[in-house]
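Same order as they appear, the protein sequences are chains A and B.
Numbered according to our numbering, the first sequence terminates at residue 196, and the numbering increases by one at each position without gaps.
Numbered according to our numbering, the second sequence terminates at residue 254, and the numbering increases by one at each position without gaps.
All C-beta atoms, glycine included, are put in the ideal place defined by N, C-alpha and C.
Just so you know, these numbers come straight off a predicted model, no measurement behind them.
Heads up, the thing below is written out as structure tokens.
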Amino acid sequence: MDLAQEFLQPDINRPVRYLYEHFFEDAATEIRLKGGTEEDAADIFQEAVLILIDNIKSGKFRHESSVKTFLVGIAHNLWLFEKRTRERRASRELNFSSSETNYSEAENFEIGERIFSKSNTDVIQTIFKHVGEICSKILVGFYYENSSMKSLLQRFHFDNEQVLRNRKARCMKKLKKLLTDQPELLRQLKILSVYE
Amino acid sequence: MNKRDYSEIDDILDKIIMGKVSEDNFTDVLSGYTGDELMKELQTHEAAAVAIQRNAVLRQVSLVHNAYFKNRNKEAWTVRGNFRFWLSAAAILIVVPALIVMFLYATNSPDRLFASQYHTYRLNVDRTSSQSNKELLASNYQAGKYNEVITQFESLTSKSVGDKMIAAFAYMELNNYKAAIPLFNAVISNNIVTRENLYQDEAEYYLALSYLKAKQIEQSYQLFSKIYSDTEHTFNGRLNKWFIMRLKWLREQN
């Protein structure tokens, strides 16, 4: 199976491992050459991986470049953005003219909203901790794995489907409340669409 | 709005955000919402679904990310650890002994070598001296009256090999090594003439020590080397390779 195709499955452990094992060093070298540390490279690479997967799952990845070129290109651009942000703090400039490598598709990628930035992903993970383990599993089963209510009922052993529906609705309500408490994150999430 | 009602709305919101139906189909259920409220509710509902999907991806990526860097750091640590181990081993096996040798070389001296070998000579039963001289010299030497030994020895008109040995030992005890040297040499020369070996080993060993203390290193080295290579020599067991090497260093330093 094509690497990009593998990301369309709910279980993406294997292709993600492949990305880390085969492409991290290239991205890290780029980042180190541009003044980043090992820790910077790790954070930036994770963000680039999340962006790549999001592009594939949303049908935005058009295969005009290889997964590697796209990924390393995003990491490169993200790092330049991050570096410039650190240097200028308030600057929102998105034009990177210093790139020497041709990253084609990745170059067109706009780093406007960094939904997968380290700070955002930390907040998202904290929110889901507050949602609770059972709720998270029900919601992931329904919205991410596209499992039917019937299969979720078998998996979570609720008395009947209505009890499960009520529970799922309460979980969603709790999640929406937590997200409303994070207006900036909510605003960024509203820009994105649900995966088909 | 009761729980059943909310789960019904939740179900409808899901269908709308997934594009399965339009909100127009549920005007009766959603009649409690104004247009803006419904839009806001739909957007928040979709944002929540987006968050669930992205978090599901994030969780899997984080697991791989953490495992990858844990193993990577462990490998890096092992490499660093091995490097540190070999560096320590090299230090212990090469640097530390080298420093010790350098220290010993720098602090090597005739006095140190002398102190490592010298023991006051204990008189045995005299085999050659006349009865009267032997008794007096030996008793004074054993009593630690070294000056009296010398005075008495100087006054003797006839000096036997044994008298010369006792006098030489007394000179050594008085730190007058230059005076002891000719007496030991006289004993050795006498043995050559008489073809005897009276006090030969004692004379050689203590002469070598006297040369050392008198800073006549070459003569000392020659004698000690002879004793060290002669396994039959009485004092051969007192010497070792390390002592001869340190003596060699002194010879080079002079």
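- Of all alpha-carbon atoms in Ser7(B), Gly35(B), Ser229(B) and Ala106(B), the one lying nearest the alpha-carbon of Tyr205(B) is that of Ser229(B).
- Using a Cβ-Cβ cut-off of 9 Å, Ser7(B) counts as an interface residue toward chain A, since at least one Cβ of chain A sits closer than that to its own.
- Inter-residue distance for Gln125(A) and Asn55(B) is about 7 Å (C-alpha atoms, whole angstroms).
- The C-beta of Leu153(A) comes no closer than 9 Å to any C-beta of chain B.
- Taking 9 Å as the cut-off, the beta carbon of Asp10(B) is found closer than this to the beta carbon of Ala169(A).
- With contacts defined as CB atoms closer than 9 Å, Pro15(A) and Glu145(A) fail to qualify as a contacting pair.
- When rounded, the separation of the alpha-carbon atoms in Phe7(A) and Ile56(A) is 7 Å.
- Across the stretch 3-18 of chain A, CB contacts with chain B closer than 7 Å involve Ile12, Asn13, Val16 and Arg17, in sequence order along the chain.
- About 5 Å separates the beta carbon of Asp26(A) from that of Val72(A), a gap short enough to meet the 8 Å contact definition.
- With its beta carbon at least 9 Å from every one in chain B, Ser147(A) lies outside the interface.
- By the Cβ criterion, the stretch 223-241 of chain B is not in contact with the stretch 180-193 of chain B, since fewer than three pairs of Cβ atoms, one from each stretch, lie closer than 8 Å.
- Taking a 10 Å sphere around the C-beta of His65(B), we find 16 or more other C-beta atoms and assign the residue as buried.
- Under the three-state reduction of DSSP, Lys57(A) is assigned to helix.
- Exposure of Arg195(B) is indicated by the presence of fewer than 16 other C-beta atoms within 10 angstroms of its C-beta.
- The beta carbon of Ala180(B) lies closer than 6 Å to those of Ala168, Tyr171, Met172 and Ser210 in the same chain, with the five residues before and after it left out.
- Cβ proximity to chain B below 8 Å picks out Lys57 from the stretch 56-80 of chain A.
- Restricting attention to Lys176(A), Asn120(A) and Gln5(A), the CA atom closest to the CA of Lys60(A) is found in Gln5(A).
- Between the C-alpha atoms of Val149(B) and Ala90(B) there is a straight-line separation of about 57 Å.
- For Ala98(B), the closest Cβ of chain A is not nearer than 9 Å.
- Cα atoms of Phe69(B) and Lys176(A): separation of roughly 33 Å, rounded to the nearest angstrom.
- Pairing Leu179(A) with Leu189(A) gives a Cβ-Cβ distance under 9 Å.
- Nearest Cα to Asp14(B) within the set Thr44(B), Tyr105(B), Tyr33(B) and Gly32(B): Thr44(B).
- The C-alpha of Ile16(B) is placed about 31 Å away from the C-alpha of Ser62(B).
- With the criterion set as a beta carbon lying under 8 Å from some beta carbon of chain B, the members of the stretch 155-181 of chain A are Gln162, Arg165, Asn166, Lys168, Ala169, Arg170, Met172, Lys173, Leu175, Lys176, Leu179 and Thr180, in sequence order.
- Identification of chain B residues near Lys190(A) by a Cβ-Cβ cut-off of 9 Å yields Gln43, Thr44, Glu46, Ala47 and Val50, ordered along the chain.
- The CB of Ala48(A) never comes closer than 8 Å to any CB in chain B; the least such distance is about 10 Å.
- At a C-beta separation below 7 Å, Phe128(A) has these neighbours in chain B: Asn55.
- Residue nearest to His130(A) within the set Met172(A), Ala28(A) and Phe158(A) is Met172(A) (criterion: CA-CA distance).
- Considering only Leu123(B), Glu252(B) and Asp201(B), the residue with the shortest C-alpha distance to Gly237(B) is Asp201(B).
- In the DSSP annotation of this structure, the continuous segment of the alpha helix (DSSP H) that includes Asp14(B) starts and ends at Lys3 to Ile17.
- Contact annotation: Leu113(B) and Arg251(B) have beta-carbon atoms that are not nearer than 9 Å.
- Val123(A) places its beta carbon less than 9 Å from that of Gln182(A).
- Boundaries for Tyr121(B): no alpha helix (DSSP H) harbours it, and the DSSP string shows neither H nor E there.
- Within the stretch 57-72 of chain B, those residues whose Cβ lies closer than 9 Å to any Cβ of chain A are, in chain order, Val57, Leu58, Arg59, Gln60, Val61, Ser62, Leu63, Val64, His65, Ala67, Tyr68, Phe69 and Arg72.
- Here Val64(B) carries a helix assignment [DSSP, helix/strand/coil].
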